[in-house]
Amino acid sequence: MNNAARNPLFHVARRGAVPAWKAWLIRGGAILLSLVACGLITTVVTGENPLAVYVTVFNGSFGTVRKFWTLLQNVAMLLCVALAVTPAFKMRFWNIGGEGQVLIGGLAAAACMICLRDSLPNAAIIALMIVSSIAAGAVWGGIPAFFKAKWNTNETLFTLMMNYVATQLVAYFCVVWESPKGSGQIGVINQSTELGWLPVIGGQRYLLNVLVVLVVLVFVYVYLNYTKHGYEISVVGESERTARYVGIKVEKVIIRTMLLSGAICGLTGLLLVGSTNHTLTTTIAAGRGFTVVMVSWLAKFNPIWMVATSFLLVFLERGAGEISTNFGLNQSFADILTGVILFFIIGSEFFINYRLCFRKTAEKED
Amino acid sequence: MDNKTAAVTMRNITKTFGSVVANDKVWLNIYRGEILALLGENGSGKTTLMNMLSGIYFPDEGQIAIDGKEVVIRSPKDAFDLGIGMIHQHFKLVDVLSAAENIVLGLEGKLDLKAATEKIRGICDAYGFEVDPDQKIYDMSVSQKQTVEIVKVLYRGADILILDEPTAVLTPQETDKLFNVLRNMRDDGKAIVIITHKMHEVEELSDRVAILRHGQFIGDMPTKKTNAQEMTNMMVGHAVTLNIDRPEPKDPKPRIEVKNLTVRSIDGILKLDDVSFTANSGEILGIAGISGCGQKELLESIAGLQPVEKGSIEYIEDDGSREQLIGKDPLSIAQMGVALSFVPEDRLGMGLVGNMDLSDNMMLRSYRRGKGPFTDRKSPHALAESVVTRLEVNTPGVSTPVRRLSGGNVQKVLVGREISSAPTVLLTAYAVRGLDINSSYTIYDLINKQKEAGVAVIYVGEDLDVLLELSDRILVLCGGKVSGIVPGRGAKKRDVGMMMTRLGGDGKHE
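These protein sequence lines are chains P and A, in that order. Here numbering that gives the first Met the number 0 is used: position 185 in the first sequence is 184, and no number is missing along the way. Here numbering that gives the first Met the number 0 is used: position 110 in the second sequence is 109, and no number is missing along the way.
Next comes the structure, spelled out in C-alpha cells:
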C-alpha cells in the first residue's frame, strides 16, 4: 500500500445487527468511561477526591431510608409521565405537553378537594378526584390530537403551548383558592380534615404511588405489545400510508392514543396532589413532562427499560443535589457531571450503530 | 483487451456493511471509447461498487487507479476532480431552477449564466442532447430531467460516466434517443458504465459486459461473443429459462367494471380523465404508460385509497350482483366480502412496515381477527413461515425486520401475504421493479398462478417486453386518458410505445 499516507486516518462504517449483549457492553463501557471522565474533571477543577464525590452521589439516594423512599417516589412519578407519553411517541406524535397534562390533572384533583369538602363525604370526593383528574388530562391531550387529526397541525408546538395555558390556569386558581389570604399560595389543602387525601398504605406515604405506577407500567407494556390498539399505534407510527392501506383509521388512532396519554398524565397529577404534596403549585410537575422525552428515548420506548432510565436520571439528580450541599460546590457543578454522564450514554449509541475503521487496522488485515 | 490503458482499474475492492459483504475482492477495468454494461442480480454489489468509484462510499480494502495512477477517492468532489460522474436513479435537481442554473449549481467561481448557457448548448450540439437551458425543471419530463443530469456531469468535465438503471423511467422512444447519445459519447472517447437489468438493452448498446454475483466478480467479455442466456446464467449461477408463460384465460367473466372514472390530485391536477374498462376473472389486464400517467391513481381508486371526482367502479360477483366500490375505504371494502389484494408500488412505505418483522407484517391484514382486545400472533407467525418456505424467501428468520431483506425478498413477502387471502381481484403496481431476473420470474409465476385460479389480475408494468409477453389484454394510459386497449397476443412493442406518448397512437396529433 504505497499510498497509505494519503488514505484517511479512519472512516466510519455501519455495523450490521449488533447482538444485544454487545450493545449493553458498549453502553456499560460508556457509563464507566463517563465516571472516569467525571472523576478527572472533579479533581482538576475542584481538587476534591473523586471517590468521595461518588460516595456522596450514592448517598444522595441510598444514604438513609427517607432518602431511599424519596428516590422511589421521584422515580415513580417520572416513570408515570414517561409511560404516559410513550404510546404517543411510538405513534411518532411528539407529545411534549406532559407538563400541562399533569398540571391540569392536579388542578382537577385540587378543585374537587377544595370545592366539595363541605358537601360530600371523603370517599365520594376521592372517587370524583380520580375521575375528574383523569378526564382533565385526557381532554388536555385530546385537544392537540383532534387538531392534528382534523387539520394536521404541528403537535409539538400545540402540546408545548398547551403547557403554558395549563400553567396560567393553575396560577390563576392559586390566587382564587389562596390560603392564608394574600399569600398567593394554596398551602396544604384540608390539613385538619385530610379530606381528599389518598390513603396511606403500610405506613409509607409514598408506597401507594409506587404501587399505582407499577400497575400503569404493566398496563402500558401489555397495551403496547399485545393488543390490537398497540399494534395499530406501531403501524401508524411507522407509516401512515401503510396504516391507511390496511384500513386503519389514522385520525381515530391519533385521538384515542392521545386521550390515553393525557389520561395517564392526569393520573400523575392526581397522585402528586392527592398523595405526595396535598397542595397545588405551578411547578408541581417539576419539568417531568420534558425530562420524560429523554427517559422514553433512552429506553427506545420500551416501558420496562424506562424503569432503568428514569431511575438513572433521578439518581443522578439526587446525587447532584447532595454534592452541592456536602462539598459547598455550586449546583451547576453537579449539573455539569450529569451532563457529562448523559453525553457518554447518548454518544454510545453511535458506537453501537457504527464502527471506526482505522488505517492501521486496515493495513494489518491486508 | 488490446493494449489500451484502462481509464479506471479497480483492484481487489472489498466493502462490507456489518456482516454483509457487498463487494468481495472485485477487479474491474473500464476503458475509454467503450460502453460497459455492469450486470448482476439485486444485492450483487453493482451499485455499491460504482458508489465507491463516485466517492459516496470508501472501500474497506483495495485500490482504485485512474489512467494507471493510484488515487484515493474520499468524496464525490474527489471523484469529480478525477473526471468521474455518476447519474443516479433518483435525480438530484432543484425544481424551481432552470436547467442551466441546476447545472452550474455548486460550482466555484464567478456565476456567469450566459457563458454557461453557451457551453451547455455546445455540449448538447456535440452529442445530440435536446435540452433548453432556460427551461425550468418542473416543466420537464422525466427523460428531460435525466438529460439535464447527464449534461450536468459532462459540464463538469467528466469523461468517465456511470449510469444507474437509466432506462427504468423512459419510454422505448426515449430509450432509443438516450442510447444514441451514449453512443456519440463513446465515439468521442468517453468511458461509459451502465447498470441495467434489461438483457435486450445490454445486447443492443454495450461493447463489453462485466458480471457480478453475490459481491464477487464473475467475469467480463465482449457483448458480441455472448448472449442473453449465457449472461443470465452467469448472473444467477445456474441455468434459467427466459420464457414467460401465458396460459389461455379460462372462462373469463367481468369482475371489475370501471366507468368514466375521473380523479384529481389534492392540488387539483387531473390525474385520470374519463377512464372506462372492464377487468375479467382469470385474465391479466396489463396497464402500460409512461410513469405518472395515472397508473397509481387508478389502482388506488379501486383499492379505496383515492378520493374520486366522478365515475363508478363496480365489483361484479359470480352471480352477477354488483357492488359500488367508490366512497368505501379498504376496511369497508373487505367487510363487504370483496377479496381485493393490492401490491402497491411503494413496498416498504405502503405495503409493508420496514421496521417490523415478517410475522408482524403478515399481521397487517389479519390483526383484527378474533374477539377481544388482544392480537393473535400465532397464525401470522405460521403464515410467515409458510410464505418463507413456499416462495423461497431468503431471510435469517421470520423475526427479521423486512427492511433488512433485499428487494426481491421484500416483494416475495408482500406478494405472499396478498395472495394468501385467496383474492378475487389482484392489483399489482410495478411488481418486478428493481428485482433481478430470478425474482422477477418467481413473481410472474405467482401472478400466472393467480390468473389460473380465476383471479382478475391488473398488472401495472413498465417493461413493455414483459407486458407484451404476460398480459392477455393491455390498457395503454396516456396523460390520464385511455389511449387504447389492445389484445396482448400479437401486440407490437412499437405500436404500444406510440400509444403511450400519443392518444390512440396513430400518429395524428390531437
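Glycine included, C-beta positions come from ideal geometry on N, C-alpha and C. Given the structure is predicted, the values throughout are model-derived calculations rather than measurements.
Classification of residue i by the beta-carbon crowding that lies within 10 angstroms, buried from 16 upward
| i | result |
| --- | --- |
| residue 1 of chain A | Confidence at residue 1 of chain A is low in this model, with a pLDDT of 47, below 50, so its placement is unreliable and no value can be given for it. |
| residue 92 of chain P | buried |
| residue 284 of chain P | buried |
| residue 353 of chain P | exposed |
| residue 145 of chain A | buried |
| residue 156 of chain P | exposed |
| residue 64 of chain P | exposed |
| residue 509 of chain A | In this prediction, residue 509 of chain A scores a pLDDT of 38, lower than 50, which makes its location untrustworthy; no coordinate-derived value is stated. |
| residue 244 of chain P | buried |
| residue 6 of chain A | buried |
| residue 18 of chain P | exposed |
| residue 296 of chain A | buried |
| residue 85 of chain A | buried |
| residue 203 of chain A | exposed |
| residue 114 of chain P | exposed |
| residue 495 of chain A | buried |
| residue 120 of chain P | exposed |
| residue 357 of chain P | exposed |
Residue i, enclosing alpha helix (DSSP H) - first and last residue
| i | result |
| --- | --- |
| residue 289 of chain P | 287-297 |
| residue 240 of chain A | No alpha helix (DSSP H) contains residue 240 of chain A, which DSSP labels as neither H nor E. |
| residue 207 of chain A | No alpha helix (DSSP H) contains residue 207 of chain A, which is instead part of the beta strand (DSSP E) from 207-212. |
| residue 56 of chain A | Segment: none, residue 56 of chain A is in no alpha helix (DSSP H) and carries neither H nor E. |
| residue 366 of chain A | Per DSSP, residue 366 of chain A belongs to no alpha helix (DSSP H) and is neither H nor E. |
| residue 166 of chain P | 154-175 |
| residue 220 of chain P | 206-225 |
| residue 40 of chain P | 19-45 |
Nearest neighbour of residue i, chosen from the options [CA to CA]
| i | options | result |
| --- | --- | --- |
| residue 167 of chain P | P:17, P:331 and P:279 | P:279 |
| residue 41 of chain A | A:21, A:422 and A:479 | A:21 |
| residue 275 of chain P | P:198, P:192, P:261 and P:334 | P:198 |
| residue 162 of chain P | P:95, P:36 and P:44 | P:95 |
| residue 228 of chain A | A:221, A:239, A:218 and A:220 | A:239 |
| residue 465 of chain A | A:245, A:205, A:366 and A:276 | A:245 |
| residue 257 of chain A | A:299, A:421 and A:269 | A:299 |
| residue 150 of chain P | P:72, P:182 and P:250 | P:250 |
| residue 81 of chain P | P:318, P:147, P:213 and P:336 | P:213 |
| residue 94 of chain A | A:68, A:56, A:326 and A:140 | A:140 |
| residue 206 of chain A | A:185, A:212 and A:218 | A:185 |
| residue 389 of chain A | A:398, A:408 and A:403 | A:408 |
| residue 171 of chain A | A:91, A:287 and A:24 | A:287 |
| residue 39 of chain A | A:483, A:436 and A:471 | A:436 |
Counterpart residues of residue i in DSSP-defined beta bridges
| i | result |
| --- | --- |
| residue 311 of chain A | A:258 |
| residue 64 of chain A | A:8 and A:69 |
| residue 354 of chain P | P:12 |
| residue 439 of chain A | Looking at the DSSP assignment, residue 439 of chain A forms no beta bridge with any residue, so it has no partner. |
| residue 136 of chain P | According to DSSP, residue 136 of chain P bridges with nothing at all. |
| residue 476 of chain A | A:481 |
| residue 84 of chain A | A:160 |
| residue 216 of chain A | A:211 |
| residue 28 of chain A | A:8 |
| residue 399 of chain A | None; residue 399 of chain A has no bridge partner. |
| residue 23 of chain A | For residue 23 of chain A, which the question treats as bridged, DSSP gives no partner whatsoever. |
Limits of the unbroken beta strand (DSSP E) element including residue i
| i | result |
| --- | --- |
| residue 283 of chain P | Segment: none, residue 283 of chain P is in no beta strand (DSSP E) and carries neither H nor E. |
| residue 270 of chain A | 269-279 |
| residue 321 of chain A | 321-323 |
| residue 427 of chain A | 424-428 |
| residue 458 of chain A | 455-459 |
| residue 303 of chain P | Here residue 303 of chain P belongs to no beta strand (DSSP E); instead the alpha helix (DSSP H) covers 302-325. |
| residue 342 of chain A | 339-342 |
Requested in this report: Could you tell me whether the segment 245-255 of chain A touches the segment 279-298 of chain A, using the rule of 3 or more Cβ pairs below 8 Å?
Outcome: Because the criterion of three Cβ pairs below 8 Å is met, the segment 245-255 of chain A and the segment 279-298 of chain A touch.
Requested in this report: Can you give me, in chain order, the residues of the segment 140-164 of chain A that have a beta carbon less than 9 Å from any beta carbon in chain C?
Outcome: Here the protein chains are P and A, and chain C is not one of them.
Requested in this report: Take every Cβ of the segment 5-16 of chain A, pair it with every Cβ of the segment 47-61 of chain A, and state whether three or more of those distances are shorter than 8 Å.
Outcome: Two segments are said to touch when three or more pairs of C-beta atoms, one from each, lie closer than 8 Å; by this definition the segment 5-16 of chain A touches the segment 47-61 of chain A.
Query - the segment 105-123 of chain P touching the segment 342-349 of chain P, judged by at least three CB pairs closer than 8 Å - result: No, they do not touch.
Query raised in the report: Does the segment 124-134 of chain P touch the segment 285-293 of chain P, meaning 3 or more C-beta pairs lie closer than 8 Å?
Result: Counting Cβ pairs under 8 Å, fewer than three are found: no touch.
Query raised in the report: Would you call the segment 341-354 of chain A and the segment 426-442 of chain A in contact, with 3 or more CB pairs under 8 Å?
Result: Because the criterion of three Cβ pairs below 8 Å is met, the segment 341-354 of chain A and the segment 426-442 of chain A touch.
**Report entry** the segment 71-81 of chain P in contact with the segment 264-275 of chain P per 3-pair CB rule at 8 Å
**Finding:** These segments touch.
Query raised in the report: So does the segment 356-368 of chain A actually touch the segment 225-245 of chain P, counting three or more Cβ pairs closer than 8 Å?
Result: As far as the Cβ criterion goes, the segment 356-368 of chain A touches the segment 225-245 of chain P, which means the pair count is three or higher.
Query raised in the report: So does the segment 90-110 of chain A actually touch the segment 145-160 of chain A, counting three or more Cβ pairs closer than 8 Å?
Result: Enough Cβ pairs lie closer than 8 Å, so yes.
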